[in-house]
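Take a look at the structure below.
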Amino acid sequence: MSDKKLPLSAHLEELRKRLIYSFTGIGIAFALSYAYIKEIVEILMRPLMNTLPPGSSLVFTAVPEAFFTYFKAAILAGIFFSSPFLLYQLWAFVSPGLYQREKKYVLPYLFFSSFFFLLGAVFCYFIVFPTIFRFFLSFATDGIRPLPSIREYLTFTIKLLLAFGLLFQWPPLVLFLARMGVVSGPFLSQNRKYAVLIIFVIAALVTPPDLVSQILLAGPLIAMYEGSIWMAKIFGRKEKKEEDQTAPGTEGKQE
2 MSDKKLPLSA HLEELRKRLI YSFTGIGIAF ALSYAYIKEI VEILMRPLMN TLPPGSSLVF
62 TAVPEAFFTY FKAAILAGIF FSSPFLLYQL WAFVSPGLYQ REKKYVLPYL FFSSFFFLLG
122 AVFCYFIVFP TIFRFFLSFA TDGIRPLPSI REYLTFTIKL LLAFGLLFQW PPLVLFLARM
182 GVVSGPFLSQ NRKYAVLIIF VIAALVTPPD LVSQILLAGP LIAMYEGSIW MAKIFGRKEK
242 KEEDQTAPGT EGKQE
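Shown next as structure tokens:
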């Protein structure tokens, strides 16, 4: 942390510069995403198409629906692909105000946070999507055929991808708090039952309103909570042993 304090105007100017860089990065990523939006949407559709009967397809029920759906998907893809650049801009803005010991914790947290967000999205795409699509499509009959809308499907999948990515932030968050001495393994263990309740409430809020999605999200989160207990015990800040209060050479007999 620099000893020289900057005036408020300097902080605002730096914030303005970082915001301009961030929006420029999002704009470039959006343009590239929109140029390849059909390929991106095809990748997102693949888990469902692998589950639907051969020859099935998605539909749009309003004339501008496909355009606006692609546009929305391109914006979200632009934010996703530019997220490393956005994190760097955030780091560049806050790092001058941090002490060296704080930088030692924050920078690794940003790295692991990005990794676990991607891990959550990958888990959702390869594990959760096939499972819930098979479950939902199992209710189809000869008289009831699935005819999914592209808008509803992309809204559903993007919401789940974001939910899993965000909630997979739990391990790096616990590691960061444990290293800072905010939480400990015994604390997490004692509050396990409250954590499980909160996990199910969060899963119900961030996932679509069906029990399967909520269980598929709550299950890994509970497993990660159990793992975080051990992680906090291993990597958490160790309490210093109480030092001898008696100074050397002062233990003589009182006269």
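Each residue of the sequence shown is one higher than the one before, starting from 2 at the first, in this note's numbering. Note that the Cβ used here is the ideal one computed from N, Cα and C, for glycine as well. As the structure is a prediction and not an experimental result, all values here were calculated from the model.
Presumed contact (8 Å Cβ cut-off) between residue i and residue j, rounded CB distance
| i | j | result |
| --- | --- | --- |
| residue 185 | residue 233 | 6 Å |
| residue 83 | residue 27 | 5 Å |
| residue 189 | residue 204 | Wrong, their Cβ atoms sit about 19 Å apart, outside the cutoff. |
| residue 228 | residue 172 | 7 Å |
| residue 165 | residue 124 | 6 Å |
Pick from the options that is closest to residue i, judged by C-alpha positions
| i | options | result |
| --- | --- | --- |
| residue 30 | 181, 121 and 72 | 72 |
| residue 105 | 175, 181 and 221 | 181 |
| residue 89 | 8, 198, 163 and 19 | 19 |
| residue 163 | 17, 112, 213 and 129 | 129 |
| residue 230 | 103, 191, 220 and 25 | 191 |
| residue 174 | 57, 143, 111 and 11 | 111 |
| residue 24 | 91, 57, 70 and 215 | 91 |
| residue 97 | 198, 238, 212 and 16 | 16 |
| residue 142 | 40, 33, 54 and 44 | 54 |
| residue 148 | 57, 137 and 21 | 57 |
| residue 81 | 122, 238 and 47 | 122 |
| residue 39 | 69, 63 and 198 | 69 |
| residue 220 | 206, 210, 12 and 197 | 197 |
| residue 193 | 226, 62 and 183 | 226 |
| residue 46 | 159, 213 and 214 | 159 |
In DSSP terms, what residue i is bridged to
| i | result |
| --- | --- |
| residue 150 | 60 |
Collapsed DSSP secondary structure at residue i in the structure displayed
| i | result |
| --- | --- |
| residue 177 | helix |
| residue 54 | coil |
| residue 100 | coil |
| residue 145 | coil |
| residue 170 | coil |
| residue 188 | helix |
| residue 70 | helix |
| residue 193 | helix |
| residue 28 | helix |
| residue 8 | coil |
| residue 220 | helix |
| residue 238 | coil |
| residue 183 | coil |
| residue 37 | coil |
| residue 156 | helix |
| residue 114 | helix |
| residue 140 | coil |
| residue 210 | coil |
| residue 229 | helix |
| residue 23 | helix |
| residue 44 | helix |
| residue 65 | coil |
| residue 83 | coil |
Distance CB(residue i)-CB(residue j) smaller than 8 Å
| i | j | result |
| --- | --- | --- |
| residue 59 | residue 150 | yes |
| residue 161 | residue 132 | no |
| residue 75 | residue 35 | yes |
| residue 179 | residue 236 | yes |
| residue 126 | residue 49 | no |
| residue 135 | residue 52 | yes |
| residue 169 | residue 117 | yes |
| residue 66 | residue 152 | yes |
| residue 107 | residue 99 | yes |
| residue 200 | residue 167 | no |
Heavy atom of the ligand NAD within 7 Å of residue i beta-carbon
| i | result |
| --- | --- |
| residue 36 | By its list of ligands, the structure shown contains no ligand whatsoever, and the ligand NAD lies outside what it can speak to. |
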